[in-house]
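I have placed the structure first, in the form of structure tokens, so that the comments after it can refer back to it.
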Amino acid sequence: MSETTPDTEARRLATEARDRVRFEEDALALADQVYRVARHLVGSREEAEDLMQEAYARAFRSWRSFRPGTNLRAWLLRILTNLNIDRGRRLQRTPGMEPLEEGDYFLYNRLEESAPDNSDEERVVDRLSQDSVVSALSAVPHDFRDVVVLVDIGDFSYADAAQILDIPIGTVMSRLHRGRRVLKKELADEAVGAA
Amino acid sequence: MTSFADDPCARCEEVLQPFLDRELNESERASAELHLSRCSYCRKRYRFEEHLRRFVRQAAVEEMAPELKARLAALRTPLL
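Chains as they are written, first to last, in numbering that gives the first Met the number 0: chain A, 0 to 194; chain B, 0 to 79.
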């Protein structure tokens with residue numbers, strides 16, 4: 000049986016303090032990237048800032064449950080998305096699953112139709128405004144938006160998004176699919192008017 | 000679900016998003032690439048989707064306020 004001497008205890012505490020400081024520094028270094036995702040999971044800058052503070056406070060408290068060598072950005076976003084869902088989102092109605100008739104090429108086809116002489120792919124995208132992207136994103140129902148924001152803005156893989164949101168990978172794929180369709184519909188309506 | 004052999008453009012449309020997400024397996028990716036190299040209709044739409052992705056990502060970027068960064072740093076456990 001090992002004996003705990005004041006010396007070994009002091010060494011253990013010193014190691015733990017060093018690991019904690021390293022964890023906190025690593026987490027803070029990722030704050031910009033985490034914020035970029037957080038900002039579009041909620042409706043306003045203020046809400047995103049509150050959520051960031053709650054998430055970081057919780058992360059700093061539970062740093063021991065992070066396994067070094069795994070994806071810290073995904074771990075932080077898991078805390079943040081859980082907090083966001085806990086903030087009353089569960090009461091929200093699950094978005095309808097009615098079929099979306101439009102295909103994936105819908106936005107391109109709508110934009111191209113509206114100005115057929117100028118169908119170069121880059122020019123077609125130029126018809127969209129930056130503001131329209133932000134408002135279109137906020138119009139996507141929460142459950143779909145979480146996945147779109149994690150994959151399209153956070154650049155997470157389907158597997159990471161599934162882990163962060165604690166949902167099956169098939170659900171990530173179907174929500175992503177539907178969320179992107181809604182996003183495109185919103186963008187089309189803003190760019191060329193509702194059909 | 001269609002296949003590249005039955006209806007290549009329909010299949011290409013189905014796999015375009017996972018293709019852009021780098022989530023297709025090797026053989027699906029190769030089939031999609033081959034079709035895109037031959038079909039200008041799908042290639043045009045593929046390029047549009049690629050530009051759209053980049054555009055959405057750039058348009059959505061909103062930097063964190065420096066004050067928030069300071070507030071997050073202040074949440075760290077104080078050193079004894």
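Glycine included, each C-beta is placed from N, C-alpha and C at the ideal position.
Spatial neighbours of A:G178 within its chain, please: CB distance less than 7 Å, with the 5 preceding and 5 following residues excluded, ordered by chain position. Excluding positions up to five away in sequence, the list reads V139, F143, R144, V146 and V147.
With C-beta atoms as the reference, is A:R109 less than 9 Å away from A:A58? no
So, are the CB atoms of A:L71 and A:D130 less than 9 Å apart? In this structure, A:L71 keeps its C-beta atom at 9 Å or more from the C-beta atom of A:D130.
Near-chain A residues of the stretch 46-59 of chain B - C-beta to any C-beta below 9 Å: Listed by position along the chain: R46, F47, E48, E49, H50, L51, R52, R53, F54, V55, R56, Q57, A58 and A59.
Starting from the Cα of A:N83, find the closest Cα among A:S113, A:V124, A:H39 and A:V20 and give me that residue. Across the set A:S113, A:V124, A:H39 and A:V20, the C-alpha of A:H39 shows the shortest separation from the C-alpha of A:N83.
Using the C-alpha atoms, what's the distance from A:E8 back to B:L15? One Cα belongs to B:L15, the other to A:E8, and the distance between them is close to 57 Å.
Is the Cβ of A:V124 closer than 9 Å to any Cβ of chain B? Taking 9 Å as the CB threshold, A:V124 lines the interface with chain B.
Cut-off 7 Å between Cβ atoms - residues of its own chain near B:E48, not counting five sequence neighbours on either side: Listed in chain order, the non-local C-beta contacts of B:E48 below 7 Å within the same chain comprise L15 and L19, local neighbours out to five positions each way being set aside.
Might you give, ordered along the chain, the residues of its own chain that have their beta carbon closer than 8 Å to the beta carbon of A:Y157, omitting 5 neighbours on each side? Here the set comprises V150, I168, V171, M172 and L175.
Any C-beta of chain A under 9 Å from that of B:L23: Chain A contact via Cβ: absent.
Could you tell me the alpha carbon to alpha carbon distance between B:L23 and B:C11, rounded to whole angstroms? 12 Å
Would you kindly work out how many angstroms separate the C-alpha atoms of B:R21 and A:S43, rounded to a whole number? 31 Å
When you check each C-beta in the stretch 46-68 of chain A against every C-beta of chain B, which residues fall closer than 7 Å? Of all residues in the stretch 46-68 of chain A, only E48, M51, Q52, Y55, A56 and F59 come within less than 7 Å of chain B when Cβ atoms are compared, listed by chain position.
Beta carbon of A:P5: closer than 8 Å to some heavy atom of the ligand ADP? The model depicted lacks the ligand ADP and carries no ligand whatsoever.
Mark A:G102 as exposed unless 16 or more other C-beta atoms lie within 10 angstroms of its C-beta, in which case mark it buried. exposed
When the cut-off is 9 Å and only beta carbons count, does B:M63 lie next to chain A? Closer than 9 Å to some Cβ of chain A, the Cβ of B:M63 qualifies, so yes.
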